[in-house]
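Under our numbering, residues 23 to 341 are what the sequence shown spells out, in order.
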Amino acid sequence: MLEYVIKRLLHVIVIVAVMSLLIFLITQIMPGNIAHLILGDFASPQDIATLESQMGLNDPWYVQYLRWASAMLHGDMGESLSMNQPVAEVIRGAVGRSALLAGISIVLVALIGIGLGVYTGIRRGSRSDQAISMVTYVNIAIPEFFWAIVVIMLFAGYLRILPATGYASLDDGFWNWLRHLILPVFTLVTGLIAHVSRLTRSSVIDVMNSQYIRVARARGFSERRVVRHHALRNALLPAITVLAIDVGVLMGGVVVAESIFSYPGLGRTLLYAIQHMDLPLLQACMMVVTFVYALANLTADLLYAFLNPKIRYGNASHA
Numbered sequence: 023m024l025e026y027v028i029k030r031l032l033h034v035i036v037i038v039a040v041m042s043l044l045i046f047l048i049t050q051i052m053p054g055n056i057a058h059l060i061l062g063d064f065a066s067p068q069d070i071a072t073l074e075s076q077m078g079l080n081d082p083w084y085v086q087y088l089r090w091a092s093a094m095l096h097g098d099m100g101e102s103l104s105m106n107q108p109v110a111e112v113i114r115g116a117v118g119r120s121a122l123l124a125g126i127s128i129v130l131v132a133l134i135g136i137g138l139g140v141y142t143g144i145r146r147g148s149r150s151d152q153a154i155s156m157v158t159y160v161n162i163a164i165p166e167f168f169w170a171i172v173v174i175m176l177f178a179g180y181l182r183i184l185p186a187t188g189y190a191s192l193d194d195g196f197w198n199w200l201r202h203l204i205l206p207v208f209t210l211v212t213g214l215i216a217h218v219s220r221l222t223r224s225s226v227i228d229v230m231n232s233q234y235i236r237v238a239r240a241r242g243f244s245e246r247r248v249v250r251h252h253a254l255r256n257a258l259l260p261a262i263t264v265l266a267i268d269v270g271v272l273m274g275g276v277v278v279a280e281s282i283f284s285y286p287g288l289g290r291t292l293l294y295a296i297q298h299m300d301l302p303l304l305q306a307c308m309m310v311v312t313f314v315y316a317l318a319n320l321t322a323d324l325l326y327a328f329l330n331p332k333i334r335y336g337n338a339s340h341a
């Protein structure tokens, strides 16, 4: 298991390193000059040239990349060009608020999605299975922004019981804090719950029809014991992988949800950086998203290997 963990950690380091290079190169070819953005529209060409020299912008790209990557590794994300303050300070609060939104969402997706999938998989063909399956089919086909518009019109416009935009801290009261999260979280989880539920249902049905389940039943085990001790462990393996992939999908959904609900998180900060051509802020936001995505995949790989020893032994044999 230790060898498998080390290999996966090395994979994550390589992926993050490659992504950091791509992020740096993409931001370098974007229109705009950092020295010009800092000095303003009335700066003379000589002043711009002097600042470019001081900032090392005339150095080869790989020298600039190594300097930037080294600073990132030491926690120095640079200065925001549009806010005139350290990038780390700008995104610290935004990352925390987005982590809260994504954390609540992924927990709900795991609990409700897997729960519904197991329930409908065991009761395949029943009326409850047909009803839940129809709802999940519809939800998979509906984009997030549609649900955002519906819940804003219903709960903020018509019923006036939930705010359409904004964020409140716990210092403003628990209910006030919670009511600002309900609509963004609902928008994020609706499609993902349907996705996880459908996959878990299919996996449960496959496992319940397998040979070892028929053997367990033939030995006289109760249906509850067959499900709990023989079926669920194997049936949930694909769901774990899908949950990790959904973390990446969730990060994309967070950008959309935060924009629609004016939620001050990482996604909204990312859009702000693009709109204001704030390259240090944009690079830091993209690196944080990359790191979260890589960490989620690493977690899924380790959980998958822990639950299914064939995975780690298979990899070890090829090492």
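C-beta atoms are modelled at their ideal positions from N, C-alpha and C, and glycine is treated no differently. Computed from a predicted structure; not experimentally measured.
query: Are the beta-carbon atoms belonging to Ile45 and Met309 less than 8 angstroms from one another?
result: Yes, they are a contact pair.
8 angstroms Cβ cutoff met for Ile60 and Leu79: The answer is no: Cβ separation not under 8 angstroms.
task: Express the C-alpha separation of Ala316 and Pro82 in angstroms, rounding to a whole number.
output: Using only the alpha carbons, I get a separation of about 29 angstroms.
message: Classify Ser75: buried if its beta carbon has 16 or more other beta carbons within 10 angstroms, exposed otherwise.
response: Exposed: under 16 other Cβ atoms inside 10 Å.
Stretch-stretch touch, CB-based, cutoff 8 angstroms, three pairs: the region 154-168 with the region 199-216: The region 154-168 is in contact with the region 199-216.
query: With DSSP run on the structure shown, which of helix, strand or coil describes Gln108?
result: The question names Gln, but residue 108 is Pro in the sequence shown. Collapsing the DSSP output to three states places Pro108 in a strand.
- prompt: Buried or exposed: where does Ile35 fall if 16 or more other Cβ atoms within 10 Å of its Cβ makes it buried?
  reply: The residue is exposed, with fewer than 16 neighbouring Cβ atoms inside 10 Å.
- request: Can you tell me the Cβ-Cβ gap for Tyr285 and Leu123, rounded? I've got them flagged as a contact below 8 angstroms.
  value: Contact between Tyr285 and Leu123 holds: their C-beta atoms lie close to 7 angstroms from each other, under 8 angstroms.
field: Element boundaries [alpha helix (DSSP H), containing His251]
entry: It is not in any alpha helix (DSSP H) - His251 carries neither H nor E in the DSSP assignment.
query: Can the beta-carbon of Leu130 be found closer than 8 angstroms to that of Ser219?
result: For Leu130 and Ser219, no; Cβs fall outside 8 angstroms.
message: Determine whether the beta carbon atoms of Met77 and Pro302 lie at a separation below 8 angstroms.
response: No, they are not a contact pair.
query: Phe64: buried (16+ other C-beta within 10 angstroms of its C-beta) or exposed?
result: Exposed is the call here.
- request: With distances taken Cα to Cα, identify the nearest neighbour of Pro185 among Asp193, Thr142 and Leu176.
  value: Scanning Asp193, Thr142 and Leu176 for the CA closest to the CA of Pro185 turns up Leu176.
- request: Rounded to whole angstroms, what's the CA-CA distance from Ser150 to Gly143? Just pull it up for me.
  value: So the alpha carbons of these two residues sit roughly 11 angstroms apart.
field: Given Leu221 as reference, the closest of Gln233, Arg246, Asn198 and Asn256 once Cα atoms are compared
entry: For the residues Gln233, Arg246, Asn198 and Asn256, the minimum Cα distance to Leu221 belongs to Asn256.
task: Please confirm whether Ala318 and Tyr26 have their CB atoms less than 8 angstroms apart.
output: No; because the gap between Cβ atoms is not below 8 angstroms, this pair is not in contact.
Separation of Arg114 from Val277, as counted between CA atoms: Going by the C-alpha atoms only, they are around 16 angstroms apart.
- prompt: With 16 other CB atoms within 10 Å as the buried threshold, where does Ala153 fall?
  reply: With fewer than 16 Cβ atoms within 10 Å of its Cβ, Ala153 is classed as exposed.
- request: Using a threshold of 8 angstroms, state whether the C-beta atoms of Ala240 and Ala322 are closer than that.
  value: The answer is no: Cβ separation not under 8 angstroms.
message: Run through the DSSP bridge pairs and tell me what Glu101 is partnered with.
response: DSSP output for Glu101 lists Pro108 as bridge partner(s).
task: Return the chain-ordered list of same chain residues with a C-beta closer than 7 angstroms to the C-beta of Val173, the five sequence neighbours on each side being excluded.
output: Excluding positions up to five away in sequence, the list reads Leu205, Phe208 and Thr209.
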